[in-house]
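Report on one structure; see the data block that follows.
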Amino acid sequence: MASSARAGTDAGGRMRRRLRAWMLEGLADMAKQQPGPHAQLPPEHPGRPWWKVMCLTGVDYFSTLGYQPGIAALAAGVLSPIATLVLVLVTVTCALPVYRRVAVESPHGMGSIAMLERLLSFWQGKLFVLALLGFAATDFLITITLSAADATAHLVENPNVDGALRGHEVPLTLGLIALLGAVFLKGFTEAIGLAVVLVGVYLTLNLVVVAVALEHVLAHPAVVSGWTRALTAEHGNPLLMIGLALLVFPKLALGLSGFETGVAVMPHIEGDPGDTEERPVGRIRGARKLLTTAALIMCVFLITSSFVTTLLIPHHEFEPGGRASGRALAYLAHEYLGNGFGTVYDISTIVILWFAGASAMAGLLNLMPRYLPRYGMAPHWARAVRPTVLVFTLVAFLVTWIFRANVDAQGGAYATGVLVLISSAAIAVTIAAHKARQRHWTVAFAVMAAVFVYTTGANVVERPDGVKIGACFIAGIVGLSLMSRVARAFELRVSRVELDPLAERFVRDMAHRTIRFIANEPDSRDLAEYRDKLHQIRADNDLPLEEDLIFVEVTVSDPSEFETELRVCGEVMHGRYRVLTLVSSSVPNALAAMLLHVRDLTGQRPHIYFEWTEGNPIAHFLRFFLFGAGEVAPVTREVLREAEPDRARRPHVHVG
284 MASSARAGTD AGGRMRRRLR AWMLEGLADM AKQQPGPHAQ LPPEHPGRPW
334 WKVMCLTGVD YFSTLGYQPG IAALAAGVLS PIATLVLVLV TVTCALPVYR
384 RVAVESPHGM GSIAMLERLL SFWQGKLFVL ALLGFAATDF LITITLSAAD
434 ATAHLVENPN VDGALRGHEV PLTLGLIALL GAVFLKGFTE AIGLAVVLVG
484 VYLTLNLVVV AVALEHVLAH PAVVSGWTRA LTAEHGNPLL MIGLALLVFP
534 KLALGLSGFE TGVAVMPHIE GDPGDTEERP VGRIRGARKL LTTAALIMCV
584 FLITSSFVTT LLIPHHEFEP GGRASGRALA YLAHEYLGNG FGTVYDISTI
634 VILWFAGASA MAGLLNLMPR YLPRYGMAPH WARAVRPTVL VFTLVAFLVT
684 WIFRANVDAQ GGAYATGVLV LISSAAIAVT IAAHKARQRH WTVAFAVMAA
734 VFVYTTGANV VERPDGVKIG ACFIAGIVGL SLMSRVARAF ELRVSRVELD
784 PLAERFVRDM AHRTIRFIAN EPDSRDLAEY RDKLHQIRAD NDLPLEEDLI
834 FVEVTVSDPS EFETELRVCG EVMHGRYRVL TLVSSSVPNA LAAMLLHVRD
884 LTGQRPHIYF EWTEGNPIAH FLRFFLFGAG EVAPVTREVL REAEPDRARR
934 PHVHVG
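Its first residue numbered 284, the sequence shown is counted upward by one per residue in the numbering used here.
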């Protein structure tokens, strides 16, 4: 009986270990190793032609045709084509130039966030980036939920299902999201070839639908005259129409959703033979072609689809529950090309919308690890793909449940995420142009930034749910990041230690006897400072005069940085005191790394001597956490304890 119980316990333990190993498989820096549309490719990867990579962007960008005309019709009514024309003008004259510049300034797939990260240091820079990551998470996660919800709408409204699925939108959408999560749990590989097929088929079907709809409009001039009469009756004169279209424009901002993805996939674009990582000229040129071509294709489809759907679909059908709600072009496909063609169109739309969610999930899995691990603001398991997929999938479940899988209800949150990222990109390129002393571009980009900032503000006022969700993501990311930073505070955060020739000579000269260091906080660095410090350490620790000691001084650079490289420099002060100087983001981590390096270099366990610091220990820990200093001695010992579990090999820490 006991043996059976032990066997069951052992089997359960093996199963838990296998599950844990499977969940944490590939525990590494996903910014370089996570496969998927947004992964950073290895340097030797030849890349793909820009037009193929454009299709990878297109599963996100072009798929908005599935719901954009309906959203425009709901927002603007008969003004929808004019409001869409404003969107197209903003796309061509503002968004496109901004992101063509982003492609030049940030050609490695990190987008405008990386540009702004370079402008700010210390904690304000980290918190600013975390806030932008919150809006990026809003953008990508709502892409997943909104696309899945619209795919469900196309499925439910298909005449062949005869309304049998109506009322089950939420579970169907959750099922699509769960399927997406399952794909990533199994493993997601790059699928540019599949994206080319999906985008090619989808755009061809849309071209057929729009062409047939335009033919019907031309064959029935009364449709156009009825629309113009409605415009005149409702809005009076052209100037009023343009003014109202400008006011409505923020609600149509979903049509700008593909630009951030466009620069995120830049590492997949093949470059010229002479390209280097510092100057990838061919990749940049290909990315600019990608952005321009995608924008022009989308502009044509946006104008034509908005025109035909407004003229040919009764307005009440756009309302929630109507047959054109979230699927205006699909409505026309069934109406004018029959249920057979309409069903093919629905299937193509469902697949590309679902694949847009896959692109967004891969974007999340690759964007977050590019920043959070460098900040020390990600828990250990967040470096593995599968646990992170589960977290994002559960969050997508929650968002879907909150919005009841409603496409229109999620539009505000999606638009907020998109507009915040575009506004940040416009501000970033304005600053870049100013630094490059390009006066005309600075003024032009500043005007573009003002347009997007206004649009973002108007969208937030009109639909505050977007900024509320963004704020929730920001609060979650900042809170979890700070907790992770505290939990990892005692890690050995130095990736490499290098001694200059004089420092190495100091260490090797002491290798045949006990190696002793004095931790000194550099102040005036005059003769009295070193003399008094040496006398105090000898007295506090009862060290004889013949003992040889070397001072170690750490200067804190940017304490908000997490992992750094360490260069140890030697110098002789006042002709008699040997000093090792280091620059690091954290005093205790730098000292611990240097001690371990000296141990490995000489084979001896070095000693280091501190004096106690007066003050509250909690205040000292906060000083260490925020400013890299504080009560150094116990923290140095704790870092050494975590880095070297074997007490017999751990350097000695003395406090007097």
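Using N, Cα and C, we set each Cβ at its ideal position, and we do this for glycine too. As the structure is a prediction and not an experimental result, all values here were calculated from the model.
> Going by DSSP, which residues form a beta bridge with T838?
Replying inline: V866
>> Quick check on G349: does DSSP put it in helix, strand or coil?
In response: helix
>> Can you check which of these residues, L594, R722 and G858, is closest to P364 by C-alpha distance?
In response: L594
> Shortest alpha-carbon distance to R776 belongs to which of Y658, A727, L459 and Q351?
Replying inline: Y658
>> Within a Cβ cutoff of 6 Å, which residues of the same chain sit near G695, ignoring the five residues on either side of it in sequence?
In response: R746, D748 and G749
> Can you check whether the CB of P889 is closer than 8 Å to the CB of T946?
Replying inline: Given that the chain is displayed from residue 284 to residue 939, the structure contains no residue 946 and the question cannot be resolved.
>> Once the 5 residues before and after C338 are set aside, which same chain residues still bring their CB inside 8 Å of it?
In response: I475, A478, V479, L481, V482 and G483
> Which residues mark the beginning and the end of the alpha helix (DSSP H) in which H818 is found?
Replying inline: L810 to N824
> Alpha carbon to alpha carbon, what distance is there between P928 and T864?
Replying inline: 27 Å
>> Considering just the uninterrupted stretch of the beta strand (DSSP E) at T847, what are its terminal residues?
In response: T847 to M856
> Since Y382 contacts F624 with CB under 8 Å, what's their CB separation in whole angstroms?
Replying inline: Wrong, their Cβ atoms sit about 35 Å apart, outside the cutoff.
> Measuring CA to CA, which of W510, S767, A639 and F675 is closest to Y485?
Replying inline: A639
> Identify the residues that DSSP records as bridge partners of E781: which are they?
Replying inline: R850
> Quick one: what does DSSP say V938 is sitting in, helix, strand or coil?
Replying inline: strand
> What is the rounded straight-line gap between the Cα of L677 and the Cα of L463?
Replying inline: 12 Å
> In whole angstroms, what is the alpha-carbon distance linking E452 and G700?
Replying inline: 24 Å
> Rounded to whole angstroms, how far is the Cβ of L612 from the Cβ of V736, which I believe are closer than 8 Å?
Replying inline: Between V736 and L612 the Cβ distance is about 32 Å, and since that is not below 8 Å, they are no contact.
> Excluding five sequence neighbours on each side, which residues of the same chain lie with their C-beta closer than 6 Å to the C-beta of Q316?
Replying inline: Annotation note: pLDDT 36 at Q316 (below 50); position unreliable, no value reported.
>> Quick check: the Cα distance between L573 and H551, rounded to an integer number of angstroms?
In response: 12 Å
> Hey, quick one: how far does the beta strand (DSSP E) through R799 stretch, first residue to last?
Replying inline: R799 to A802
> Which residue's Cα is closest to the Cα of Q894: P917, T739, F675 and V548?
Replying inline: Correcting the residue identity first, residue 894 is Glu in this sequence and not Gln. Ranking P917, T739, F675 and V548 by Cα distance to E894 puts P917 first.
> Apart from the five residues just before and just after L324, which ones in its own chain have a Cβ nearer than 8 Å to its Cβ?
Replying inline: Reliability of the predicted coordinates at L324 is poor, the pLDDT of 42 falling under 50, and no value is obtained from them.
> Secondary structure at F686, three-state DSSP: helix, strand or coil?
Replying inline: helix
> Do three or more CB pairs link the stretch 839 to 858 to the stretch 805 to 816 at distances below 8 Å?
Replying inline: yes
>> In whole angstroms, give me the CA-to-CA distance for V744 and I891.
In response: 59 Å
> Going by C-alpha distance, which of G509, R791, E560 and P603 is nearest T885?
Replying inline: R791
> What did DSSP end up calling F411 once you bin it into helix, strand or coil?
Replying inline: helix
>> Taking 7 Å as the cut-off, is the beta-carbon of P504 closer than that to any non-hydrogen atom of the ligand GDP?
In response: With respect to the ligand GDP, the structure offers nothing, as it holds no ligand at all.
>> Please give the ranges of any alpha helix (DSSP H) in the stretch 508 to 566, keeping only runs that are unbroken, at least 4 residues long and fully inside the region.
In response: 521 to 531 and 542 to 547
>> Could you tell me the alpha carbon to alpha carbon distance between A698 and H723, rounded to whole angstroms?
In response: 29 Å
> From L636 to A754, what does the alpha carbon distance come to, in whole angstroms?
Replying inline: 26 Å
> Relative to the alpha-carbon of R571, which residue among E829, V336 and A758 has its alpha-carbon at the smallest distance?
Replying inline: V336
> DSSP state of R299, grouped into three classes?
Replying inline: helix
>> I need the DSSP call for R768, collapsed to helix, strand or coil.
In response: helix
>> Beta-carbon within less than 8 Å of S868's beta-carbon, same chain only, minus the 5 sequence neighbours each way: which residues are those?
In response: R776, V839, S840, D841, P842, S843, E844, F845, T847 and G911
>> So Q887 and I798 are supposed to be a Cβ contact under 8 Å. How far apart are they, rounded?
In response: 5 Å
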